[in-house]
Amino acid sequence: MNLTISGHHVEVTPALRSYVTSKLDRITRHFDQVVDVKVLLTVEKQKEKEKRQRAECNIHVKGS
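Structure, rendered in structure tokens:
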């Protein structure tokens with residue numbers, strides 16, 4: 032499984048990378064042949080003091 036983790040307006044620290052990896056290990060319970068996983072972590076500033084954190088995950092699975 033190829034794993035790509037990138038950040039937009041956020042630094043991907045080793046702690047974040049470890050957290051994402053631990054959560055994505057659960058994928059193998061549901062899918063046998065995961066080929067590629069791309070994760071995008073973003074922080075968006077909505078108003079002066081509000082920030083929205085978002086995690087996007089694209090999973091490519093081999094199959095018919």
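32 is the number of the first residue of the sequence shown in the numbering used here; add one for each residue after it. Glycine included, each C-beta is placed from N, C-alpha and C at the ideal position.
Asked                                                                                       : Found
Cβ-Cβ separation, residue 35 to residue 70 (assumed contact under 8 Å), whole Å             : 7 Å
As assigned by DSSP and simplified to three states, the class of residue 35                 : strand
Within 8 Å, strictly: CB atoms of residue 65 and residue 90                                 : yes
Cβ shell of residue 85 (< 6 Å), same chain only, five flanking positions each side left out : 73
Short Cβ contact (8 Å threshold) for residue 37 with residue 43                             : yes
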